[in-house]
Amino acid sequence: MSGLLAATATLELLQLEPPGWGAPLLRGLASSMMIAFGAYGLGLLLGLCGAFGKLYGGPVLRDLMAVYTTVVRAVPELVLILILFYAGTDAVNQVLLGLGYDRIQISGVAAGIGVLGVVQGAYATEVLRGAIQAVPAGQIEAARAMGMAPAMIARRVTLPLMLPNALPGLGNLWLNATKDTALLAVVGFAELTQTTRQAAGATKAYFTFFMAAGVLYLTISLISGWIFARMERRARRGMPEMRA
Amino acid sequence: MILTRAFWQPHRIVLAAIAIAIVVFCAVTLRWDWVPKYLPLAAQGLWRTIWILLTSVVLGLMLAIPLGLAQAVGPWFLAWPARAFCTVIRGTPLLLQLWLLYYGLGSLFPQIPWIRQSDLWPILRQAWPYGLLALTLSFAGYEGEVMRGAFKGVPKGQLEAAKAMGMPRFTTLRRIWLPQALHRVLPTLGGETVLQLKATPLVATITVVDIYAVASRVRQDTFLTYEPLLLLALVYMAVTAVIVVIFRWFERRVPTRVA
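Residue numbers (the numbering used here), protein chains in the order written: chain A, 1 to 244; chain B, 245 to 503.
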């Protein structure tokens, strides 16, 4: 009971004005969301290339894609983040030095988007590949028979038809993207979880701040779940009812 | 598959040669002289990682069964909390849950006298119980959702037949419902275990010395950036391979009969 009273007394620490930590928390949420959006977009792009490469590429490309998805899905994100973070900044600087420019400091946001994007790309490859394979072969054959170019087949036939199959998986991937941003806290990037830990450490109100951050993450999850459900319903319109 | 003739097409031989060349290049040009010194610590860390993985998977699965059952057929006052639990666990990052338990409970427990005086206090003062608790709850949350689907997926006729035979409800659960539900879960369980393995390095952030923490320590001691991380990635890949092989063996042992 006294714990509950103490917790309500610390609620005012969440106010937006300076004694409260509300504003830094919201800023952390904003940078988390920015990285999640960027990483998700990059992941989708990589996933599309990967899925088409795995399905229609030559034997070498196919094997390389298999190595990419296997390695990324077998190694913890935390380790990948560290490796890609150092290797990525190193590689960019080597290239810049080689071209005769000065080395640059890569911002945390850019590095976070790049690293999480590569991780997302591996999972997106598998989701999209499965969804494309579920498209009835006759549809793509018909498009080919009509003399459509491969790019047009992808844009007009394959992608719209695979979308309903892919959306549940893509929804899960988006939720993973928002949650994986928390891992950047370990490399010291000031996203929501890291800011929360700083706030909690400074005020000793651990429960209040971690619960508040949890509510923020949960709200994002619930809203995105609702949006993805609507998108799936829209993508499925006019299709026969799915039987569970 | 890797030993068959069909696998070794010409381009694969070239790719394998390139891979071996990269490995040899890493072995020759990078520094590996620190490895023997840290080997005992690494073995300890690896053991701790595997121990936490196994314990949290087993405990989490045991928690997931009632969670799935409550969501599938339970009355509202059981189904509702179970669903809320799964939603909260799946909707927030594991790192946040871990820190909430470790810093939150860790700061709360010392203020309560009877916990401080209890025999459990020497254990609760350490970090690993909180790591184990967070990983277990997380696995239970994800797997509870899977179990819900599995319980619902068992054909009604099976349960009706059991009822017609006059089986008590608990026996039906034990002999018919649970085995069939677990059978349905088995193919996904391997993947979930790999995901859980990938979540274990988070416990290093609360000072549990697992294999990831050992690699971080090597990096701090030797100022090497890549070598410990590359070796660490290799270790995780090896553990993942072992998990995949074990589950494939397990799946082959369980007879499948598709009607």
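All C-beta atoms in this analysis are idealised placements derived from N, C-alpha and C, irrespective of residue type, glycine included.
For residue 156(A), the first and last residue of its enclosing alpha helix (DSSP H)
Here residue 156(A) belongs to no alpha helix (DSSP H), and DSSP marks it neither H nor E.
4 or more residues per run - each alpha helix (DSSP H) lying fully within the stretch 399 to 433 of chain B
Counting whole runs of 4 or more residues, the stretch 399 to 433 of chain B contains the alpha helix (DSSP H) stretches 400 to 408 and 413 to 416.
In terms of alpha-carbon separation, which member of 489(B), 361(B), 406(B) and 478(B) lies closest to residue 290(B)?
Per the Cα distances, 478(B).
Can you name, in chain order, every residue of its own chain whose Cβ lies under 7 Å from the Cβ of residue 282(B), other than the five neighbours on each side?
Answer for residue 282(B): 458 and 462, listed in chain order.
Roughly how many angstroms separate the alpha carbons of residue 372(B) and residue 168(A), rounded to a whole number?
Taking the straight line joining both Cα atoms gives about 35 Å.
In the DSSP assignment, the alpha helix (DSSP H) including residue 239(A) goes from what residue to what residue?
Here residue 239(A) belongs to no alpha helix (DSSP H), and DSSP marks it neither H nor E.
Pair every Cβ in the stretch 116 to 124 of chain A with every Cβ in the stretch 52 to 60 of chain A, then say whether three or more of these pairs are closer than 8 Å.
No: fewer than three Cβ pairs fall under 8 Å.
If you measure beta-carbon to beta-carbon, which residues of the stretch 401 to 435 of chain B are closer than 7 Å to chain A?
The stretch 401 to 435 of chain B vs chain A, Cβ under 7 Å: nothing.
Is residue 39(A) closer than 7 Å to residue 108(A) when the C-beta atoms are compared?
No; because the gap between Cβ atoms is not below 7 Å, this pair is not in contact.
Report the CB separation of residue 409(B) from residue 75(A) in whole angstroms; it is logged as a contact under 8 Å.
So it is not a contact: roughly 50 Å between Cβ atoms.
Strictly below 7 Å CB to CB, what residues from chain E border residue 256(B)?
Judged by its chain identifiers, the structure shown contains no chain E, and its protein chains are A and B.
Under a three-way DSSP split, which group does residue 452(B) fall into?
DSSP, read as helix, strand or coil, puts residue 452(B) in coil.
For the 8 Å Cβ check, are there 3 or more pairs between the stretch 347 to 356 of chain B and the stretch 294 to 310 of chain B?
No, because fewer than three Cβ pairs between the stretch 347 to 356 of chain B and the stretch 294 to 310 of chain B fall closer than 8 Å, the two stretches do not touch.
Whole-Å CB distance - residue 217(A) paired with residue 178(A), under 8 Å assumed:
So it is a contact: roughly 7 Å between Cβ atoms.
Within 10 angstroms of its Cβ, does residue 201(A) collect 16 or more other Cβ (buried), or is it exposed?
So residue 201(A) counts as exposed.
Listing by chain order, which chain B residues have their CB less than 7 Å from the CB of residue 187(A)?
The premise fails here: residue 187(A) is roughly 11 Å from chain B at the closest Cβ pair, so nothing lies under 7 Å.
Please list the residues of the stretch 479 to 490 of chain B that have a C-beta atom closer than 8 Å to any C-beta atom in chain A, keeping them in chain order.
Against chain A - using a Cβ distance shorter than 8 Å - the residues of the stretch 479 to 490 of chain B are 480, 481, 484 and 485.
Which chain B residues are close to residue 86(A), counting only those with a beta carbon under 9 Å from its beta carbon?
Here the neighbours are 469, 470 and 473.
Residues near residue 111(A) in its chain [Cβ-Cβ closer than 6 Å; skip 5 each side]:
Listed in chain order, the non-local C-beta contacts of residue 111(A) below 6 Å within the same chain comprise 85, local neighbours out to five positions each way being set aside.
Determine the closest residue to residue 401(B) out of 421(B), 292(B) and 391(B), with distance taken between C-alpha atoms.
Nearest C-alpha to residue 401(B): 421(B).
Given 8 Å, three or more beta-carbon pairs between the stretch 483 to 491 of chain B and the stretch 303 to 315 of chain B
Look at the beta carbons and you see the stretch 483 to 491 of chain B not touching the stretch 303 to 315 of chain B: under three pairs across the two are nearer than 8 Å.
For a cutoff of 7 Å on Cβ pairs, would you count residue 2(A) as touching chain B?
Any reading at residue 2(A) is ruled out, since the residue's pLDDT is 49, under 50, leaving its predicted position unreliable.
Could you give the uninterrupted runs of the alpha helix (DSSP H) lying entirely in the stretch 43 to 93 of chain A, keeping only those of 4 residues or more?
Complete alpha helix (DSSP H) runs here, min 4: 59 to 74.
How about residue 253(B): is its Cβ closer than 6 Å to a heavy atom in the ligand MG?
Judged by which ligands are present, the structure shown has none, so any question about the ligand MG falls away.
Under the assumption that residue 334(B) contacts residue 389(B) (Cβ atoms under 8 Å), give the Cβ distance between them as a whole number of angstroms.
Contact annotation, residue 334(B) with residue 389(B): C-beta distance approximately 7 Å; criterion of less than 8 Å satisfied.
Whole angstroms are fine: how far does the CA of residue 382(B) sit from the CA of residue 330(B)?
So the two alpha carbons sit approximately 9 Å from each other.
Pick out whichever of 91(A), 119(A), 99(A) and 100(A) has its Cα sitting closest to the Cα of residue 106(A).
Put simply, of 91(A), 119(A), 99(A) and 100(A) the residue whose alpha carbon is nearest the alpha carbon of residue 106(A) is 91(A).
For residue 237(A), count neighbouring Cβ atoms within 10 angstroms of its own Cβ and tell me buried if that reaches 16, exposed if not.
Counting Cβ neighbours within 10 Å, residue 237(A) comes out exposed, since fewer than 16 surround it.
So, under 8 Å CB-CB, residue 104(A) and residue 93(A) are touching, yes? Tell me the CB distance rounded to an integer number of Å.
Here residue 104(A) really is in contact with residue 93(A); their C-beta atoms are around 7 Å apart, less than 8 Å.
Boundaries of the alpha helix (DSSP H) in which residue 300(B) is found, first to last residue
In the DSSP assignment, residue 300(B) falls within the alpha helix (DSSP H) that extends over 279 to 317.
Taking C-beta pairs closer than 7 Å, name the residues in chain A that residue 374(B) reaches, listed in chain order.
By Cβ distance, chain A contributes nothing, its closest Cβ being about 12 Å from residue 374(B), past 7 Å.
Counting Cβ pairs, one atom from each stretch, are 3 or more of them under 8 Å apart for the stretch 154 to 164 of chain A and the stretch 126 to 138 of chain A?
Output reads yes: the stretch 126 to 138 of chain A touches the stretch 154 to 164 of chain A.
Does the stretch 354 to 370 of chain B come close enough to the stretch 412 to 420 of chain B that 3 or more CB-CB pairs lie under 8 Å?
No contact exists between the stretch 412 to 420 of chain B and the stretch 354 to 370 of chain B.
Own chain partners of residue 232(A) with C-beta closer than 8 Å, once the 5 adjacent residues on each side are dropped
Answer for residue 232(A): 164, 167, 168 and 171, listed in chain order.
Quick one: what's got a C-beta closer than 8 Å to residue 360(B)'s C-beta in the same chain, skipping five residues either side?
Take residue 360(B), set aside five residues on each side of it, and the residues of its chain with a beta-carbon closer than 8 Å to its own are 353 and 354, in chain order.
Span separating the alpha-carbon of residue 499(B) from that of residue 435(B)
Cα-Cα distance, rounded: 20 Å.
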